[in-house]
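In the numbering used here, the protein residues as written are 137 to 496. Encoded as C-alpha cells, the structure appears first; notes follow it.
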C-alpha cells in the first residue's frame, strides 16, 4: 500500500461516487451521511458524482472519473467509493503518489452473487491491484475487514466504521402486527445477491397460510426484476406480492409499522443497513447467516443458511403460524437495538479514519 500521510484535522475531503448521492441504497445512504458529517464539520471539499454503470462503466465514464482525479491539487484527500474504485484503477495508480486516496469498501466486487468464475477473478485482481495503491481503507463491517486480508492489504490500514441507524427506525416502536393477512416486509435493491428468488420460493411453501409480501427496493437490474415478477406469477403468488420500488423514509416507517415480519434472504451483505434498521424498529427479523454481519443483528434475528430454500420455508412457517414466536423474536430485537451504532458516532469515526487517526 501507499505510504500514508497523517492529514491535518481540517483538511478538505473530496468524495468520488459511482452515481447520484441521493440514490436510495445502503451504500449511497452511508456515503451521504459521511458527506453530511464532513459538511457540518466544514471539511467537505466536493462531491463528484460519476455518470455510468459502475463498476462496469463505459470508457468515457471512466475517463471522466480520471479527469476528476487529475484536477485535484497535490496532497488532496480523496475518498473513492468501492463501486468506482476498480474501474478507476489506472488513474488511481497514476495519481496516488501525489494524492492521499482513501478507499470506501462496502463489500468486495468479487463477492457479488451471479458472477462467473472468470468475472470473479477479474474483479478480485482489479480490486487487489488498486487497493495496493491507496493510503487507507474504510469498510462498513468487521466481516469486510477480515475478507480484505485475502487481498493482501495491511490490516493496520483498514478502519471499520459501521453505519448508524436511520432516525425513523431508531424512533420506531413496532406494536406487533397480528392482523391477517400478515405482512412480510423485505427491503433491498432487486439484485440477485439479495436472494428475493429464494424468499419467494420459500414463501410459496407456506401458501396455505395467510400472508402478503412487500418488496421495497430499486429495480436497478431490469432483467432480474422481470425474472422475479415472472417467478412470482409461476408460483401463483402475484396477488400476494407487491413490488414497491424505492420508498422515502416516511413510507419506510409506515411499511415497518404495518409489517408482521421482516425477511432478508440475502446471499451476502457488506453490513446490512436494512436489517439493522428493522432490528432498531423492533421488528421480528428472519435472515441468513451470511447477511447478519452485525453482532447486534445476529443476536436478534432468526438465522438460516443462505440459499437453503427448505430451511427458510421451515422457519417462515413457524413464525407465520405463531404470533408468540414472532413476539419472542421482536423482544430479541428490542434487546439488541441499543448495541447498534448511530450516525453521529459513525461520522466522527469516519473522519478519524480518513485522516489516518487510530484510537487506542
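For each residue, glycine too, the CB sits at the ideal point set by N, CA and C.
Query                                                                                                  : Result
For residue 293 and residue 491, the rounded distance between their alpha carbons                      : 11 Å
Coarse secondary structure for residue 438, derived from DSSP in three states                          : strand
Local conformation of residue 151 per DSSP, three classes                                              : strand
Proximal residues to residue 331 (C-beta, below 6 Å), its chain only, five neighbours per side dropped : 401, 402, 403
Euclidean distance between Cα positions of residue 496 and residue 219                                 : For residue 496, the predicted structure reports a pLDDT of 41, less than 50, and the residue's modelled location is therefore unreliable. The matter cannot be settled from this model.
CA nearest to the CA of residue 349, picked from 261, 226, 389, 321                                    : 321
Cα-Cα separation, residue 353 to residue 229                                                           : 35 Å
N- and C-terminal bounds of the alpha helix (DSSP H) containing residue 392                            : 385-394
Host beta strand (DSSP E) of residue 248 (start-end)                                                   : Segment: none, residue 248 is in no beta strand (DSSP E) and carries neither H nor E.
Backbone CA spacing between residue 163 and residue 370 [nearest angstrom]                             : 32 Å
Environment of residue 194 [buried if 16+ CB atoms lie within 10 Å]                                    : exposed
Contacting residues, own chain, Cβ-Cβ under 8 Å from residue 232 (five flanking each side not counted) : 138, 269, 270, 271
Length at least 3, wholly inside the segment 293-373: the beta strand (DSSP E) runs in chain order     : 294-296, 318-323, 347-352
6 Å CB neighbourhood of residue 409 in its chain, flanking five on each side removed                   : 162, 299
Status (buried if at least 16 other CB within 10 Å, exposed otherwise) for residue 426                 : buried
Opening and closing residue of the beta strand (DSSP E) in which residue 423 lies                      : 421-424
With 16 other Cβ atoms within 10 Å as the buried cut-off, status of residue 156                        : exposed
Which residues DSSP lists as bridging residue 217, in chain order                                      : 240
The segment 353-364 in contact with the segment 307-315 per 3-pair CB rule at 8 Å                      : no
Reduced DSSP category for residue 443 - H, G, I as helix; E, B as strand; rest coil                    : coil
Span separating the alpha-carbon of residue 520 from that of residue 340                               : Coverage of the chain is limited to positions 137 through 496, which leaves residue 520 absent and any answer about it impossible.
Residue 185 - containing beta strand (DSSP E), residue span                                            : 180-185
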